[in-house]
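Undergrad: Protein sequences, first through last, are from chains Y and U. For the first sequence, this note's numbering assigns the number 1 to the initial residue and increments by one for each residue that follows. For the second sequence, this note's numbering assigns the number 428 to the initial residue and increments by one for each residue that follows.
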Amino acid sequence: MTNRSPERQPVPFHQSRQAREAEVMLDHIVDDFLENPAGMSYFYDLFRKVYIRGESLERQGPQVGITCIQAPEELIYAHGASPVRLCNGSYHYDQIGADFMPAKSCSLVKATLGMLCSENAIPKLGKLDLIVNPTTCDQKKKSSAMMEGMGHVVHDLEFPNVKESEASRVYWQRSVRQFSERLRALTGEKLTKPKLRAAMAKTARAQAAFRKMNGFRKSSPSVFLGKDAFLVTNAYFFDDIERWTAALEVLNLELAEREKAAFNAAQKKAPRIVFTGSPPIFPNLKLPLLIEQAGGVVVADETCSANRMLYDMTAVDEWLLNDMVDSLADKYLKPCTCPIFTRNDDRLRRLLELASTFKADGVVYQSFAGCQVYEMEQRSVSDALNKAGIPMLYIETDYSPDDMGQLSTRIEAFLESIKTRKRQQRT
Amino acid sequence: MSYFAGIDIGSTAIKVALVDAEGKIKGVHVADSGSLFHKNAKEALRVLLEKSGVDRSEVKYLIATGYGRKLFKEADDSISEITANAIGAHETGKAYGGVRTIINIGGQDSKAIQIDDAGCVTNFVMNDKCAAGTGRFLDVAARNMDIDLEELGDYHFNGKGAPLSINSTCTVFAESEIIGLLANGHGKEEIVAGIHYSIAKRTVRLAKRVGIEDRVYFDGGPALNKGLVAAIQDELQRELVVPEYPQTTTAYGAAVLARSEYLADLKDGL
Chain Y
1 MTNRSPERQP
11 VPFHQSRQAR
21 EAEVMLDHIV
31 DDFLENPAGM
41 SYFYDLFRKV
51 YIRGESLERQ
61 GPQVGITCIQ
71 APEELIYAHG
81 ASPVRLCNGS
91 YHYDQIGADF
101 MPAKSCSLVK
111 ATLGMLCSEN
121 AIPKLGKLDL
131 IVNPTTCDQK
141 KKSSAMMEGM
151 GHVVHDLEFP
161 NVKESEASRV
171 YWQRSVRQFS
181 ERLRALTGEK
191 LTKPKLRAAM
201 AKTARAQAAF
211 RKMNGFRKSS
221 PSVFLGKDAF
231 LVTNAYFFDD
241 IERWTAALEV
251 LNLELAEREK
261 AAFNAAQKKA
271 PRIVFTGSPP
281 IFPNLKLPLL
291 IEQAGGVVVA
301 DETCSANRML
311 YDMTAVDEWL
321 LNDMVDSLAD
331 KYLKPCTCPI
341 FTRNDDRLRR
351 LLELASTFKA
361 DGVVYQSFAG
371 CQVYEMEQRS
381 VSDALNKAGI
391 PMLYIETDYS
401 PDDMGQLSTR
411 IEAFLESIKT
421 RKRQQRT
Chain U
428 MSYFAGIDIG
438 STAIKVALVD
448 AEGKIKGVHV
458 ADSGSLFHKN
468 AKEALRVLLE
478 KSGVDRSEVK
488 YLIATGYGRK
498 LFKEADDSIS
508 EITANAIGAH
518 ETGKAYGGVR
528 TIINIGGQDS
538 KAIQIDDAGC
548 VTNFVMNDKC
558 AAGTGRFLDV
568 AARNMDIDLE
578 ELGDYHFNGK
588 GAPLSINSTC
598 TVFAESEIIG
608 LLANGHGKEE
618 IVAGIHYSIA
628 KRTVRLAKRV
638 GIEDRVYFDG
648 GPALNKGLVA
658 AIQDELQREL
668 VVPEYPQTTT
678 AYGAAVLARS
688 EYLADLKDGL
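1) Is the CB of residue 630(U) under 9 Å away from at least one CB in chain Y?
2) How big is the Cα-Cα spacing for residue 158(Y) and residue 591(U)?
3) Hey, could you find the ends of the alpha helix (DSSP H) residue 478(U) is sitting in?
4) Could you tell me which of 191(Y), 374(Y), 126(Y), 76(Y) sits nearest to residue 342(Y), measuring between CA atoms?
5) Counting contacts by CB-CB distance shorter than 9 Å, is residue 531(U) in contact with chain Y?
6) Using 9 Å as the limit for Cβ to Cβ distance, is residue 508(U) near chain Y?
7) With a cut-off of 8 Å on the beta carbons, I'd call residue 240(Y) and residue 58(Y) a contact; round off their distance for me.
8) What does a CB cutoff of less than 8 Å around residue 351(Y) pick up in its chain, not counting 5 residues either side in sequence?
9) By Cβ distance below 8 Å, which residues in the same chain neighbour residue 672(U) in space, the five residues on each side in sequence not counted?
10) Can you check whether the C-beta of residue 584(U) is within less than 9 Å of a C-beta belonging to chain Y?
11) Cβ of residue 346(Y) within 9 Å of Cβ of residue 337(Y)?
12) Contact criterion: CB-CB distance below 9 Å. Does residue 405(Y) meet it with respect to chain U?
13) So with Cβ pairs under 9 Å, would you call residue 549(U) a contact of chain Y?
14) Buried or exposed: where does residue 291(Y) fall if 16 or more other Cβ atoms within 10 Å of its Cβ makes it buried?
15) Look at the alpha carbon of residue 481(U) and the alpha carbon of residue 448(U), and state the distance between them as a whole number of angstroms.
16) Starting from residue 171(Y), trace the alpha helix (DSSP H) in both directions and tell me its first and last residue.
17) With distances taken between CB atoms, is the gap from residue 534(U) to residue 562(U) smaller than 9 Å?
18) Establish whether the CB of residue 421(Y) and some CB of chain U are separated by less than 9 Å.
19) Counting only the same chain and skipping the five closest in sequence on each side, list residues whose C-beta sits under 6 Å from that of residue 2(Y).
20) To the nearest angstrom, report how far apart residue 462(U) and residue 567(U) are at their CA atoms.
21) Helix or strand or just coil, what does DSSP make of residue 83(Y)?
22) Does residue 414(Y) have its Cβ less than 9 Å from a Cβ in chain U?
23) What does DSSP give as the partner residue(s) for residue 432(U) in the beta ladder?
24) Under the three-state reduction of DSSP, which class applies to residue 664(U): helix, strand or coil?
25) Can you grab the Cα-Cα spacing for the pair residue 648(U) / residue 559(U), in whole Å?
26) Distance cutoff 9 Å, beta carbons only. Does residue 391(Y) sit that close to anything in chain U?
27) So for residue 149(Y), helix, strand or coil by DSSP?
28) On the DSSP letters alone, give me the boundaries of the alpha helix (DSSP H) that residue 275(Y) sits inside.
29) Quick one: what's got a C-beta closer than 7 Å to residue 184(Y)'s C-beta in the same chain, skipping five residues either side?
30) Any C-beta of chain Y within less than 8 Å: which residues of the stretch 473-505 of chain U qualify?
31) Within a Cβ cutoff of 7 Å, which residues of the same chain sit near residue 483(U), ignoring the five residues on either side of it in sequence?
32) When DSSP builds the beta bridges, which residues end up paired with residue 133(Y)?
33) Closer than 7 Å by beta-carbon distance: list the chain Y residues that pair up with residue 536(U), in chain order.
34) Return yes when at least one heavy atom of the ligand PLP lies under 8 Å from the C-beta of residue 104(Y), else no.
35) Kindly indicate which three-state DSSP category residue 456(U) falls into: helix, strand or coil?
36) What does residue 545(U) reach in chain Y if we use C-beta pairs closer than 9 Å?
Below, the structure is given as structure tokens:
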């Protein structure tokens, strides 16, 4: 008889499935492309450290997990805590989540819950002091109870379904104040004007750096690739905000140099693509990576893991505490183009604007299977874009690697059709 | 003499097409993909050259397409099967007065492509992930009923009763449904017709997503099956254009493209 091991040894983190999955993706991101910006090394290293070696990052104060960009981070900082975004892109955690989630639920929600009930969370979190769950979509709403069932403390941040009406604006402002109360109960720190002002300034500096980076994506030839932009914004989920901003500012200097030198990060005729829909979250950068491996460049995006997350700043007109909180609440409501809102003309307007500002040749629309709002909007978005002469490719997918062969064919065909069309326009 | 070749390395079959300097078809050849894609592809090319009496050195440009396109290092270039299919159908369709919509059913996938007057792809859709309604589905069904793939067309037209309905949209579930129908004593003819209508329904739904315009071209291996062609025509309420060699349209498209790439290179002095 063979010797059966009496006790299963825990697998070291770097050999775990989630770490290997991240490693494969990171290797593609780094090795499949030439001349990565030197400033990206900070981010490549950060992902190695957090996702592959499972190291923890230093954080200040209590840790507040957030499940959606709709949670006002400035308030969390102002109360002396640190936010960490829990949205997860790992197929391994998606499979764990699939054990207790409906088969037709979205990969993002499945993976997030799968991670929260696993031993090794990424980033290594330890015990979360609070999870704030904005009630944005039905699947996230319903997951509050499951997270509580896992022993987490959850605060439902009530979010309206409409953003135009004054009633929902007032309702949301009240939700945000209630959230502030909850944070005060957690940290014991009262919200004050200087603290909120400092938190806003900190976030605004990060946003300014993001906007600058995003601005470089307008230039043609492209000075840097979309896969790196997604990695930078994904790092914002969990990195220390000041370290992140400083690293991005360094990268921006390099990108400015590249722009001056008319550096080209892709082939001369590479089709320029706007990416929209369900968010690419590391390590599920499958689709953006396939686009760029096939010779396209993702020049802009309209997703909650990048552009929508960092684009708009708080506009305060009265520096009194209550007005500041209200303006903060407004920032998280008014400019948001998420399809959960009913009446969602803003998203169309935003997409057309992005396509023209970033001189895009086409749009790739990703929808995670089970994410109904994106699925439902797909047709109207496609019609509007086509009317404007911009072709769109709609792709329904999830975190599994099964469909990569088929997806690469579809993406290549899409890029080829863009190239032919451009060739015809020239001759 | 100069010749140009297109090789379509699909999941089930490898198709090779050869065109001459004028772009006319010199020969086509179909072989099984087997498990050794690369080796079988090279062999298929060799056989076609031999059949056509063409020396390898006379092939000036070769374009690979299909799932195995990236493995075929002998090619000068590769292109997705959607673009190659569109070019091939556009060229072939000219003889029928021009086509604008293409329905292609392959071994593992089905696609609908819309092209403009110049033969450029304006829109396309492909089945997501699963093999329902593809050649594979026909293959499995025929095997369940102990029928040769080539005989499916005859069975379709020999039915005495109405086609039975096959409701499962999944190949595996449809298989058990077929076995159930057989066990209940239904005739193979009616089951075969039912299978064809079930594939036709899926395919037409897919085609409607790209928008059906003008003449519809139907190609891919399953287009050899007359029963399936009739069922799709019924569902579409339109005549289909089925070319003489439906299986090799994509390889032909790649060969046509190989020729124009070569001519463009010549013009650029490359």
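Cβ atoms here follow ideal geometry from the backbone N, Cα and C, with glycine treated the same way.
TA: Reading from the atomic positions:
1) The residue you call residue 630(U) lines up with position 203 of the second sequence. Contact of residue 630(U) with chain Y is not assigned, every C-beta pair being separated by 9 Å or more.
2) In the first sequence, the residue the question calls residue 158(Y) occupies position 158. In the second sequence, the residue the question calls residue 591(U) occupies position 164. Each residue's Cα considered, the two are about 52 Å apart.
3) Here the question's residue 478(U) lines up with position 51 in the second sequence. Counting along the chain, the unbroken alpha helix (DSSP H) around residue 478(U) starts and ends at 464-479.
4) Here residue 342(Y) refers to the residue found at position 342 of the first sequence. Ranking 191(Y), 374(Y), 126(Y), 76(Y) by Cα distance to residue 342(Y) puts 374(Y) first.
5) Your numbering for residue 531(U) matches position 104 in the second sequence. Taking 9 Å as the CB threshold, residue 531(U) stays off the interface with chain Y.
6) Residue mapping note: residue 508(U) aligns to position 81 of the second sequence, counting from 1. For residue 508(U), the nearest beta carbon of chain Y is closer than 9 Å to its own beta carbon.
7) Residue 240(Y) sits at position 240 when you count from the first residue of the first sequence. Residue 58(Y) sits at position 58 when you count from the first residue of the first sequence. Right, the Cβ-Cβ distance comes to about 7 Å (below 8 Å), so this counts as a contact.
8) The residue given as residue 351(Y) occupies position 351 in the first sequence. Excluding the 5 residues flanking it on each side, residue 351(Y) has same chain C-beta neighbours closer than 8 Å at 274, 276, 302, 363, 381, 384, 385, in chain order.
9) To locate residue 672(U), count along the second sequence from 1; it is residue 245. Counting only Cβ-Cβ distances below 8 Å, and skipping sequence neighbours, we find 455, 679.
10) Position 157 of the second sequence, counted from the first residue, corresponds to residue 584(U). No - not a single Cβ of chain Y is within 9 Å of the one on residue 584(U).
11) What you label residue 346(Y) is simply residue 346 of the first sequence in a count that begins at 1. What you label residue 337(Y) is simply residue 337 of the first sequence in a count that begins at 1. Between residue 346(Y) and residue 337(Y), the gap from beta carbon to beta carbon is short of 9 Å.
12) The residue labelled residue 405(Y) in the question sits at position 405 within the first sequence. For residue 405(Y), the answer is yes, since a Cβ of chain U falls inside 9 Å of its Cβ.
13) If you number the second sequence from 1, residue 549(U) lands on position 122. It does; some Cβ of chain Y falls within 9 Å.
14) Working through the first sequence from its first residue, we reach residue 291(Y) at position 291. Result: buried.
15) By one-based count along the second sequence, residue 481(U) stands at place 54. By one-based count along the second sequence, residue 448(U) stands at place 21. Just so you know, the alpha carbons of residue 481(U) and residue 448(U) end up roughly 13 Å apart.
16) As a working mapping, residue 171(Y) is identified with position 171 in the first sequence. 166-187 is the span of the alpha helix (DSSP H), which, as asked, contains residue 171(Y).
17) As a working note, residue 534(U) is residue 107 in the second sequence. As a working note, residue 562(U) is residue 135 in the second sequence. Against a cut-off of 9 Å, the Cβ pair of residue 562(U) and residue 534(U) comes out as a contact.
18) Stepping through the first sequence from its first residue, residue 421(Y) is reached at position 421. Closer than 9 Å to the CB of residue 421(Y) there is at least one CB belonging to chain U.
19) Here the question's residue 2(Y) lines up with position 2 in the first sequence. Interpretation of residue 2(Y) is limited by its pLDDT of 49, a score under 50 that renders its predicted location unreliable; no figure is taken from the coordinates.
20) What you label residue 462(U) is simply residue 35 of the second sequence in a count that begins at 1. What you label residue 567(U) is simply residue 140 of the second sequence in a count that begins at 1. Straight-line Cα distance between these residues: approximately 18 Å.
21) Counting from one through the first sequence, the residue named residue 83(Y) turns up at place 83. Reduced to three states, the DSSP call for residue 83(Y) is strand.
22) Start at 1 with the first residue of the first sequence, and residue 414(Y) comes out as number 414. So yes, residue 414(Y) belongs to the interface.
23) For the purposes of this step, residue 432(U) is taken as residue 5 along the second sequence, with counting starting at 1. BP columns for residue 432(U) point to 445(U), 489(U).
24) By 1-based counting over the second sequence, the position of residue 664(U) is 237. When secondary structure is reduced to three states using DSSP, residue 664(U) falls in the coil class, being assigned neither helix nor strand.
25) By 1-based counting over the second sequence, the position of residue 648(U) is 221. By 1-based counting over the second sequence, the position of residue 559(U) is 132. One C-alpha to the other measures close to 15 Å.
26) Residue numbering aside, residue 391(Y) sits at position 391 when the first sequence is read from its first letter. Closer than 9 Å to some Cβ of chain U, the Cβ of residue 391(Y) qualifies, so yes.
27) Here residue 149(Y) refers to the residue found at position 149 of the first sequence. Residue 149(Y) falls in the helix class under three-state DSSP.
28) For the purposes of this step, residue 275(Y) is taken as residue 275 along the first sequence, with counting starting at 1. Run containing residue 275(Y): none in the alpha helix (DSSP H); it sits in the beta strand (DSSP E), 272-277.
29) In the first sequence, residue 184(Y) corresponds to position 184, counting from 1. Annotation for residue 184(Y): 79, 190, 191 place their beta carbon closer than 7 Å to its own, counting only its chain and skipping 5 residues before and after.
30) Under the 8 Å Cβ criterion, the stretch 473-505 of chain U contributes 494.
31) Reading the second sequence from its first residue, position 56 is the one you call residue 483(U). Excluding residues within five positions, the ones whose Cβ falls inside 7 Å are 476.
32) Locating residue 133(Y) in the first sequence gives position 133, where the first residue counts as 1. Residue pairing by DSSP puts residue 133(Y) in a beta bridge opposite 156(Y).
33) Along the second sequence, one-based indexing puts residue 536(U) at 109. Residues of chain Y with a Cβ closer than 7 Å to the Cβ of residue 536(U) are, in chain order, 406.
34) Among the ligands in the structure shown, none appear at all, so the ligand PLP cannot be discussed.
35) Taking the second sequence and counting its residues from 1, the one referred to as residue 456(U) is at position 29. Collapsing the DSSP output to three states places residue 456(U) in a strand.
36) Your numbering for residue 545(U) matches position 118 in the second sequence. For residue 545(U), the residues of chain Y that pass the 9 Å Cβ criterion are 420, 424, in the order they occur in the chain.
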